[in-house]
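Presented below is the structure to which this report refers.
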Amino acid sequence: MSMLDGIMDRLEQAGSIIEEYSQEQVDRMVLAVVEAGARNSQRLAELAVSETGYGKVKDKMTKNELATTILWDSIKHEKTVGIIREDPDRNLWEVAAPVGIVAAVVPSTNPTSTTLYKA
């Protein structure tokens with residue numbers, strides 16, 4: 045088994061667990077990422093600048109804040125589990141469902157803020 049196969053297996057296992065999460069559990073999980081990213085914003089910014097040679101630490105910290113606390117403040121009341129919208133007049137329900145593993149490109153210009161945002 046290749047390293048990638050092992051990673052994909054672990055991702056599928058985690059997905060099976062997370063797809064059963066309640067709204068409260070999803071919110072706690074996302075908030076943990078937000079808090080860890082915010083708490084480590086400066087260190088992550090310094091690592092990004094040091095590793096890539098791009099940008100300024102202060103600017104990277106601002107982007108990390110946008111991708112964590114500011115984004116969280118704008119989405120924290122959105123429903124993401126189960127029935128998220130109903131239109132009784134049209135007899136329609138919008139139901140949130142996991143889509144599985146999502147691969148994403150992380151640019152070298154903003155590696156930490158992009159990773160935090162996508163997480």
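In terms of this note's numbering, the sequence shown opens at residue 45 and continues consecutively.
For each residue, glycine too, the CB sits at the ideal point set by N, CA and C.
By the Cβ-count criterion, D71 is buried, with 16 or more other Cβ atoms from all chains shown falling within 10 Å of its own Cβ. In this model, A163 and D133 are separated by some 35 Å (Cα to Cα). With respect to G126, Q69 sits apart: the two C-beta atoms are not nearer than 9 Å. Between S118 and M105, the gap from beta carbon to beta carbon reaches 9 Å or more. Shown here for A140: same chain residues with a beta carbon closer than 6 Å to its own, the five before and five after excluded, namely T124, V125 and I128 in chain order. Fully enclosed alpha helix (DSSP H) runs of no fewer than 4 residues occupy 67-83, 85-96 and 101-109 of the region 51-112, in order along the chain.
Spatial neighbours of K100 in its own chain (CB-CB distance under 8 Å, excluding positions within 5 residues in sequence) are listed in chain order as V93. For I127, the uninterrupted beta strand (DSSP E) run begins and ends at G126 to D131, by DSSP.
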